[in-house]
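To start, the structure under review is shown below, and the notes come after it.
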Amino acid sequence: MEIDAAKCVGCGNCVPFCTMGAIRVENDVAVVNEDECVECSTCYRCCGPEGLRATFVRGLRRLFRALHLRYDAPLDVCPTGALVPPELKWPRSLRRAFSDPTVTHDSTGMAGRGTEEIKTNDITGRIGPGEAGIVIDLGRPGTGVFFRDIDTMTRALAQLDVFFEPQNPLTHLMNDPQNGSLRKDIANEKVLSAIIELKIKLADLPEVLHLVEKTATALDTVISVGVSTKCDPEGGIPHESICSGAGYPLSLNGKTNLGLGRPVEGMS
Amino acid sequence: MTNTLHRRGTPQTLRQDFVLFATPSRSLSPDLPDKMKRFTEICLRHNPLNMAKIENMAMRRVDPRRLKEEMQDQIGITAVFDNPDSLASAIAELKEADLGIPINVSGLLEQVKECCGKAGITRHSVEQSLGIFGKKEKLPPPEIVEINTLCGHGMVSFNLIKKVADEVKLGRMTPEQGAYLLAKPCECGAFNPVRARQVLEALRMKG
Ligand code: SF4
Ligand code: SF4
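These protein sequences, in sequence, are chains A and B. Residue numbers 1 to 268, in the UniProt record's numbering, belong to the letters of the first sequence in order. Residue numbers 1 to 207, in the UniProt record's numbering, belong to the letters of the second sequence in order.
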């Protein structure tokens with residue numbers, strides 16, 4: 001994100017909205033830490049311009065200060081419209097693609113950072129009996145992740161018998177899905193989060209989860225992990241006993257595909 | 001949208017938190033827009049707390065306080081409910097409508113299963129969270145993480161939640177005003193302002 005220093009009055013409204021804590025106010029002007037900014041545009045979208053002139057706002061602020069008055073302005077405005085989303089070039093453009101849900105992902109045609117995992121399993125049959133889907137969301141919650149850390153995880157996973165979801169945007173960034181290595185030129189780009197999606201044999205679940213947990217300790221971020229399966233004919237959940245047996249407690253909440261989708265010819 | 005999966009909270013708070021959503025992108029049906037309009041109408045009939053609409057292939061927030069007006073003639077994609085009865089009736093109506101579009105619900109699995117049972121549905125697939133791995137010391141207190149995970153994309157920053165909680169403690173904002181401000185960064189409409197308000201109230205009591 002760019003901040004027009006001539007317009008910014010240093011009110012600090014945009015600071016808490018920043019998903020990465022990348023904005024600070026220095027000498028009455030907001031400054032963005034470009035290394036940490038993931039170009040999610042949350043600051044820009046949430047702090048709409050009030051259309052005031054910077055000189056007017058600065059004058060008013062000086063007057064209020066002199067009179068020891070406090071003015072509780074709305075928190076979600078940029079008085080002067082100083083926030084400017086920049087044109088981004090490769091590889092920085094990846095930051096926005098992965099972090100701003102209002103832009104479309106070129107590789108999936110949809111906004112978002114993953115593909116459709118079980119959400120469309122009723123029409124695609126992507127995860128079948130005896131299989132499990134795993135989603136590894138790096139940088140979530142609220143911490144962000146550099147591609148160099150994602151690369152550590154994808155390369156570790158590639159050593160096992162896993163199948164990287166081909167439609168997933170991260171798979172598109174791999175040099176070679178066989179060894180899981182990501183393009184070198186993106187290593188220092190940071191995103192709000194990125195989801196590795198795998199399909200594995202259900203029986204391999206403990207081994208894969210163990211590796212994910214172990215690899216995560218070497219990363220400078222947090223990861224949220226999810227597991228999915230197609231239910232049995234009675235609606236039972238095949239991964240339940242395997243995860244708890246391997247010492248991985250499951251959340252009581254989760255995502256249920258109701259099975260109301262009708263398979264499309266040629267997709268199942 | 002994926003990460004409505006990782007919503008955190010106690011069983012008690014999760015009992016008031018369900019996200020119903022359609023995934024139309026792969027349903028190659030020529031009358032998809034009409035079907036999505038039906039989905040939207042059905043959701044709106046059951047008093048959702050929040051919704052998102054589709055604009056240029058991306059999710060866009062609407063103001064949850066003006067849901068009915070802002071969703072008029074729009075195509076909705078997510079709807080948040082705070083009680084299982086509304087959810088059960090919405091699911092039953094969606095089954096009746098037979099749209100052929102994949103529909104998922106995020107929420108307490110047992111309760112969603114019950115709602116499915118009432119509608120005569122056997123669930124197709126289930127996804128669950130295994131929680132958080134890695135550098136957990138980077139995370140703020142659990143209440144802050146709980147509010148952050150109410151947005152499917154994690155757009156509600158830890159700092160904003162802390163700031164709003166402080167404003168509420170200082171009496172400069174009501175918990176309800178705070179909850180609606182926190183809903184603003186969430187473009188996927190999955191944010192549950194009622195749960196956020198409750199967490200802010202609890203934090204105010206804690207002092
Ligand atoms: S674009 Fe996102 S990460 Fe960058 S300064 Fe704005 S809110 Fe922070
Ligand atoms: S909200 Fe606008 S004027 Fe205020 S600090 Fe941020 S960029 Fe500057």
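Even for Gly, the Cβ is constructed at its ideal location relative to N, Cα and C.
Cβ atoms of residue j and residue i: under 7 Å apart, would you say?
i	j	result
B/P185	B/M155	yes
B/E143	A/G254	no
A/L173	A/L182	yes
A/S228	A/G130	no
B/L150	B/G178	no
A/V25	A/G12	yes
B/L139	B/A165	no
B/I101	A/G261	yes
B/S125	A/I118	yes
B/P30	B/A183	no
B/L99	B/K35	yes
A/K190	A/G144	yes
A/N179	A/A158	yes
B/N3	B/G152	yes
A/L60	B/L108	no
A/D72	A/C46	no
B/E146	B/G9	yes
A/D185	A/P263	no
B/R195	B/E176	no
A/G142	B/F133	no
B/L5	A/G51	no
A/Q97	A/R148	Before going on, a small fix: residue 97 of chain A reads as Ala here, not Gln. No, they are not a contact pair.
A/F17	B/L181	no
So residue i and residue j are in contact, right, with Cβ under 8 Å, and what is the actual spacing, rounded?
i	j	result
A/S224	A/R95	Their Cβ separation, rounded to whole angstroms, is 20 Å, which puts A/S224 and A/R95 out of contact at 8 Å.
A/S99	A/V15	Not a contact, Cβ separation roughly 18 Å.
A/L205	A/A246	7 Å
B/R61	B/G189	6 Å
A/T42	A/T19	5 Å
B/E137	B/M59	Contact doesn't hold; Cβ gap of about 32 Å is too wide.
A/T120	B/V105	That pair is no contact at about 14 Å.
A/D122	B/K135	The pair is not a contact, with the Cβ atoms about 36 Å apart (cut-off 8 Å).
A/P85	A/M1	6 Å
A/G81	A/P49	3 Å
B/A52	B/I77	5 Å
B/A22	B/I121	Actually they do not touch by this definition, with Cβ atoms about 15 Å apart.
A/G125	B/R123	Wrong, their Cβ atoms sit about 15 Å apart, outside the cutoff.
Please classify residue i: does DSSP put it in a helix, a strand, or coil?
i	result
B/S86	helix
B/D31	coil
A/S99	helix
B/G178	helix
residue 277 of chain A	The question about residue 277 of chain A has no answer, for chain A in this structure spans 1 to 268.
A/G133	strand
B/E55	strand
A/T215	helix
A/E87	coil
B/N50	strand
A/E197	strand
A/S224	strand
A/D232	coil
B/N148	helix
A/N175	strand
A/S181	strand
B/A22	strand
B/N3	helix
residue 275 of chain A	The structure shown does not extend to residue 275 of chain A, since chain A is modelled only from 1 through 268, so no value can be given for it.
B/V62	coil
A/L192	coil
A/L209	helix
A/L160	coil
A/A30	strand
A/L250	coil
B/C139	The question names Cys, but residue 139 of chain B is Leu in the sequence shown. The answer is coil: DSSP assigns B/L139 none of H, G, I, E or B.
Any heavy atom of ligand 4 closer than 6 Å to the CB of residue i?
i	result
B/A119	With respect to small molecules bound, the structure shown includes ligand 1 and ligand 2 and not ligand 4.
Every unbroken alpha helix (DSSP H) within the segment 44-80 of chain A, with a cutoff of 4 residues, ordered by chain: 54-66
Stretch pair the segment 194-203 of chain A + the segment 158-166 of chain A: three plus CB contacts closer than 8 Å: yes
Stretch-stretch touch, CB-based, cutoff 8 Å, three pairs: the segment 41-53 of chain B with the segment 75-83 of chain B: yes
Stretch-stretch touch, CB-based, cutoff 8 Å, three pairs: the segment 234-249 of chain A with the segment 145-152 of chain A: no
For the segment 65-137 of chain B, which segments carrying the alpha helix (DSSP H) assignment without a break, of at least 4 residues, lie completely within its bounds, in sequence order? 67-71, 84-97, 109-118
Could you name each continuous alpha helix (DSSP H) segment of 4 residues or more that falls completely within the UniProt domain "4Fe-4S ferredoxin-type" (1-28) of chain A, going from the start of the chain to the end? 14-17
Quick check for students: name the residue ranges of the alpha helix (DSSP H) that lie wholly in the segment 157-203 of chain B, counting only runs of 4 or more. 158-169, 175-183
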